[in-house]
Amino acid sequence: MPELPEVETIRRGLEEKIKGLTIKNVEVRLAKQFQGKATDIIGAKVLSVRRRGKVTIIDLSNGKSLIIHLKLTGQLVFRHDGRSFIGGHPIPFAGTDLPAKTTHIIFDFTNGARLFYNDLRQFGWIKVLRSEEVNTTSAIGKLGIEPFTNDFSLEAFSPILKRSSKPIKLVLMDQEKIAGVGNIYANDALFEAGIDPRRKANSLTPSEGHKLFISLHSVLKEAIKYGGSSAADEAYVNAAGVPGKYQDHFRVYQRQGQLCLNKCGQKIVRIALSGRGTFFCPHCQK
DNA sequence: CTGCGGTCCTGAAGGC
DNA sequence: TGCCTTCAGGACCGCA
């Protein structure tokens, strides 16, 4: 599912393709996924494509912004003349023909390019806001520290751990504490740090907290480098319709029953933590 | 405050 | 073959 690395990969691809384009029309095929008036954005030009946590923000020239949450299966795929692009270059294959039956919103630009919002499970949403409302809207205003900014420091991270008695994995995934971390990267960062996902956050030593801070940062960075992850049952593709490659580098996520990558001889175990699939090595994560 | 469970939705997987 | 049940999962909501 799209977490920070996937949304960031989409953002980079989208910004490159739609910045400066003018919206000609918006076709809303599934009304519940589009909140606000489509007519409010027609004729507006795309100024920037930003990201906060897992939320994509498209700022427009008329004082409006679109905010988009892809939730589990949302996709934003750009096509021009029926083709997808990486950089300025058209690529021959980029998934299925669009629109597909999962296509619920279509943006048409004046140059003939199109942006397809696809969402198999229909949990995601797109909202039209006034640009000045973006920072305070509920989906963004309550978000915690943003990785890859100066706000993401050990000085900010440590007190978050100290203040919670919840399992550390839930704290990593709490969007009001740290923005953008979901199930995949919480699991992999905890493996990298050698910490049991069930440990109470406030039971981590300063040294463990430091190790986790470094691991979280490096795992997210590596995932962006590989263009995000598209696991077996996941719908993630980038803005060109192309899957990511981080799934080939999963440490523990969805590796239950397979050998620990530390060569300790133990197999990765899957448990449920607060109803979410949780993967770890019982030998290497204490 | 915490910790439940339900909700949205679809397709895959398993049972018989 | 085919029908039925179960399950996954981000964010949010209501309840105890």
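The first sequence maps to residues 7 to 292 in this note's numbering.
All C-beta atoms, glycine included, are put in the ideal place defined by N, C-alpha and C.
Note that the structure is predicted; figures quoted are calculated from it, not measured.
Where the beta strand (DSSP E) through residue i begins and ends
i: R85; result: G80 to R85
i: R57; result: V52 to R58
i: F122; result: R120 to D125
i: F115; result: T109 to F115
i: G283; result: R282 to F286
i: I74; result: K70 to H75
Separation of residue j from residue i, as counted between CA atoms
i: S170; j: F113; result: 43 angstroms
i: N117; j: K175; result: 46 angstroms
i: K25; j: E139; result: 21 angstroms
i: Q81; j: T143; result: 22 angstroms
i: K273; j: D65; result: 47 angstroms
i: K51; j: D157; result: 31 angstroms
i: S90; j: K168; result: 46 angstroms
Run of the alpha helix (DSSP H) containing residue i, from where it starts to where it stops
i: T62; result: Run containing T62: none in the alpha helix (DSSP H); it sits in the beta strand (DSSP E), V61 to L66.
i: V13; result: L10 to I24
i: L160; result: L160 to K168
i: A145; result: S144 to G147
Option in the options with minimal Cα separation from residue i
i: K269; options: L36, C287 and D46; result: C287
i: K60; options: T15, K23, G69 and S54; result: T15
i: K183; options: L135, V258 and K148; result: K148
i: P11; options: S209, F285, E152 and N68; result: E152
i: V258; options: L267, K251 and S209; result: L267
### Sufficient close CB pairs (3 or more, under 8 angstroms) joining the stretch 271 to 282 to the stretch 31 to 48
no
### Message
Under 8 angstroms, with one C-beta from each stretch per pair, do the stretch 220 to 233 and the stretch 185 to 201 reach the 3-pair mark?
### Response
yes
### Message
Quick test of the definition: if touching needs 3 or more C-beta pairs under 8 angstroms, does the stretch 211 to 219 touch the stretch 158 to 168?
### Response
yes
### Task
Starting from the N-terminal side, write out each stretch of the alpha helix (DSSP H) that is 4 residues or longer and does not extend beyond the stretch 170 to 250.
174 to 179, 189 to 199 and 212 to 231
### Query
Would you say the stretch 238 to 253 touches the stretch 196 to 211, given that touching needs at least three Cβ pairs under 8 angstroms?
no
### Query
Within the chosen definition, does the stretch 126 to 138 reach the stretch 66 to 73 through at least 3 CB pairs nearer than 8 angstroms?
yes
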